[in-house]
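Structure first, commentary second.
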Amino acid sequence: MHVMPLLLLIAGSAAVAGAARRTPVPAPLLLVAAGLVVSYVPGVPEYTLDPHIVLPLLLPPLLYTAATDSSYLDLRAQLRPVALLSVGYVLFATLAVGWAAYVLVPDLSLTAALVLGAVVAPPDAVAATAVARRVGLPSRVTTILQGESLVNDATAITAYKVALAAAVGEGATWAGGIGEFLLAALGGIGVGLVLMVPIHWMRTRLNEALLQNSLSLLTPFFAYAVAEQVHASGVLAVVVVALYLGHRNWEVDFATRLQEEAVWKMVAFILESAVFALIGLQLPVILKGLGAYEGASAAWYAVALFGIVVLTRFVWVYPATFLPRLLSARIREREENPTWKAPFIIGWAGMRGVVSLAIAFSIPLTVEGGEDFAGRDLILFLTFTTVIGTLVVQGLSLPPLIRLLKLPPRDQQAETLAEANAQAQASRAAEQRLEELLSDERNTLPPPLAVRLRAVLERRRNAVWERLGQVNTVTGETADDTYRRLSREMIGAERAVFVKLRNGRYIDDEMLRTLLRRLDLEEAAAFREAT
71 MHVMPLLLLI
81 AGSAAVAGAA
91 RRTPVPAPLL
101 LVAAGLVVSY
111 VPGVPEYTLD
121 PHIVLPLLLP
131 PLLYTAATDS
141 SYLDLRAQLR
151 PVALLSVGYV
161 LFATLAVGWA
171 AYVLVPDLSL
181 TAALVLGAVV
191 APPDAVAATA
201 VARRVGLPSR
211 VTTILQGESL
221 VNDATAITAY
231 KVALAAAVGE
241 GATWAGGIGE
251 FLLAALGGIG
261 VGLVLMVPIH
271 WMRTRLNEAL
281 LQNSLSLLTP
291 FFAYAVAEQV
301 HASGVLAVVV
311 VALYLGHRNW
321 EVDFATRLQE
331 EAVWKMVAFI
341 LESAVFALIG
351 LQLPVILKGL
361 GAYEGASAAW
371 YAVALFGIVV
381 LTRFVWVYPA
391 TFLPRLLSAR
401 IREREENPTW
411 KAPFIIGWAG
421 MRGVVSLAIA
431 FSIPLTVEGG
441 EDFAGRDLIL
451 FLTFTTVIGT
461 LVVQGLSLPP
471 LIRLLKLPPR
481 DQQAETLAEA
491 NAQAQASRAA
501 EQRLEELLSD
511 ERNTLPPPLA
521 VRLRAVLERR
531 RNAVWERLGQ
541 VNTVTGETAD
551 DTYRRLSREM
561 IGAERAVFVK
571 LRNGRYIDDE
581 MLRTLLRRLD
591 LEEAAAFREA
601 T
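Given below as structure tokens:
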């Protein structure tokens, strides 16, 4: 791909994603729709999805940013449902969808059908995370979907390799397939465990935020490449490293965290936008190779396969939710009894995405003996229609479905109260430490500065409690909101004076940058995101 088409893809997808924020339509759906429309505009270059770019260059950073934003403790608490979905469901879907496709399509061999099953089996990490953020799913459901999407790609890629080996005549066996799966899974986890500690050690020893964030940007690619080099799962290696680094992120200095959050938000926004746009842009490429199949029969296969994929997920999700409770008294004692609603949402939230398309495009053109891979074009078409179908049908219907089922939302009051209690305990510890330091003559401060330290501490302690209090009847703001707004006005006034002094040549640009950075840090402290 030349530079100009790539720049147009990034700029166009970012513009559409930005516009989507002003509409009720989730950005992934609008991006896919825009890609479908633009793909037939005269003069638009052909964007072929190259698996050698998507898998090693796009997948690692997307997995990394999703995993660092996830909670290791929450995932550990939901380990059973996550494992049942990310491993059990993917293998079940590979076999079930593959067998159904073999029965449905007359000219499709069983091995080629199993390749198709492995390709469409994994819900996509990017799609699941993007939609879950937008629709506000309950925290437990979000954790399960995110955990599943972090790991299931590794299962699907391994299942695909085994099915492909059988399809191209390399002689795959059940024992060999199980062995390859275990090697990929254990190897990927092992590589992640080996890399995570030294990488974190380097992050805590580098003294500059710029160097630390350069290391952060390289980490997912390095972990993925090392694992793939030893024929292990690069996906699992990236996820293990990212979960560890995210869990220990508090040990890195504040400048690194501020910069890292901004950098990765930008990277994730650009990559997610480009990935969904690329899905829509594949339509001309997919249809070009479909000449051997009649339009009506191909459309029927697409609709039938979409229904099978959706049904297969429900067939797995409900037994996986309720059977463990029936079989284990310990689970019944430890966990609340689930209703049918949460499993229904998990079943319906199985959107497919770019990973499925990238795997499908990696199917070789020929098999052993130089013959064409029978059914490759149909597999590409059915993968594409399944991805589009799940994104559009399930993605559009998920928000109203959640409202219709009236799932219990996150308890904002309880979360704010827990935050306030945590802040109160931390403030008491900080206050005690401050008095200890001020009692030492080496730390003597003028009274106004000591008062300022105590005032900042008091402000931090009261800010969360104020969110629980009454709101201003005129503006609808809490006291905390009003404080933030007034603080911003004051900082804005200072910033305007600094710029005016620079324009009048009373200070130079270097001093302006120093003064503005000081104000930026104060504004960041005043407007830190409340979650």
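Be aware that the sequence shown starts at 71, since it is given in the numbering used here, and climbs by one per residue.
C-beta: ideal position from N, C-alpha, C; glycine also.
- Beta-bridge pairing by DSSP links Thr436 to Asp442.
- Counting other Cβ atoms within 10 Å of its Cβ, Ser426 reaches 16 or more and is therefore classed as buried.
- If you draw a 10 Å sphere on the C-beta of Arg273, you find 16 or more other C-beta atoms in it, and that means buried.
- Val385 and Leu285 have their C-alpha atoms spaced approximately 43 Å apart.
- In the structure shown, the three-state DSSP call for Lys335 is helix.
- Contact between Gly417 and Val387 holds: CB atoms are separated by about 4 Å, below the 8 Å threshold.
- In its chain, beyond the 5 residues on either side, Ala390 have a beta carbon closer than 7 Å to the beta carbon of Leu154.
- With the rule of 3 Cβ pairs closer than 8 Å, the segment 247-262 does not count as touching the segment 170-182.
- Per DSSP, Val544 is not a residue of any alpha helix (DSSP H), being assigned neither H nor E.
- When secondary structure is reduced to three states using DSSP, Trp410 falls in the coil class, being assigned neither helix nor strand.
- Residue environment analysis places Val73 among the exposed positions, since fewer than 16 neighbouring C-beta atoms fall within 10 angstroms of its C-beta.
- For Val379 and Arg402, the gap between their C-alpha atoms comes out near 30 Å.
- Taking each of Phe376, Leu515, Asn283 and Val238 in turn and checking the Cα distance to Gln464, the smallest one comes out for Phe376.
- Spanning the alpha carbons of Asn222 and Ser557 requires a straight line of approximately 46 Å.
- Within the same chain, and ignoring the five residues on either side of Leu585 in sequence, the residues whose Cβ sits closer than 7 Å to its Cβ are Phe568.
- Check the Cα spacing between Leu165 and each of Thr213, Ala233 and Val114: the tightest is with Ala233.
- When the Cα atoms are used, Phe339 and Ala84 turn out to be separated by approximately 8 Å.
- By alpha-carbon distance to Asn532, the top candidate from Arg503, Met560, Glu506 and Ala492 is Ala492.
- DSSP places Thr456 in the helix class (H, G or I) of the three-state scheme.
- Here DSSP, grouped into helix, strand and coil, assigns Ser156 to helix.
- Taking the Cα positions, Arg522 is about 35 Å away from Ser141.
- When DSSP states are grouped into helix, strand and coil, Asp144 belongs to the helix group.
- Of Leu468, Val167, Pro470 and Arg529, the smallest CA-CA separation from Arg498 is found for Arg529.
- Remark: three or more beta-carbon pairs, one from each stretch, lie closer than 8 Å, so the segment 304-323 and the segment 254-261 are flagged as touching.
- It is roughly 56 Å from the alpha-carbon of Leu78 to the alpha-carbon of Arg400.
- Between Val457 and Ile349, the alpha-carbon positions lie close to 8 Å from each other.
- In this structure, Pro151 is the residue among Pro151, Ser343, Ala137 and Ala136 with its C-alpha nearest to the C-alpha of Glu405.
- In this chain, the alpha helix (DSSP H) harbouring Ala297 covers Ala279 to Gln299.
- Comparing alpha carbon positions, the residue from Ala188, Gly562 and Ile356 closest to Glu116 is Ile356.
- Taking 9 Å as the cut-off, the Cβ atoms of Gly105 and Leu360 do not count as close.
- Collapsing the DSSP output to three states places Leu276 in coil.
- For Ala89, the uninterrupted alpha helix (DSSP H) segment begins and ends at Val73 to Ala90.
- The alpha-carbon of Ala136 is positioned some 22 Å away from that of Val189.
- If you check the CB distance, Phe346 and Leu468 do not come in under 9 Å.
- Sixteen is the threshold: since fewer than 16 other Cβ atoms of the shown chains lie within 10 Å of the Cβ of Asp578, the residue is exposed.
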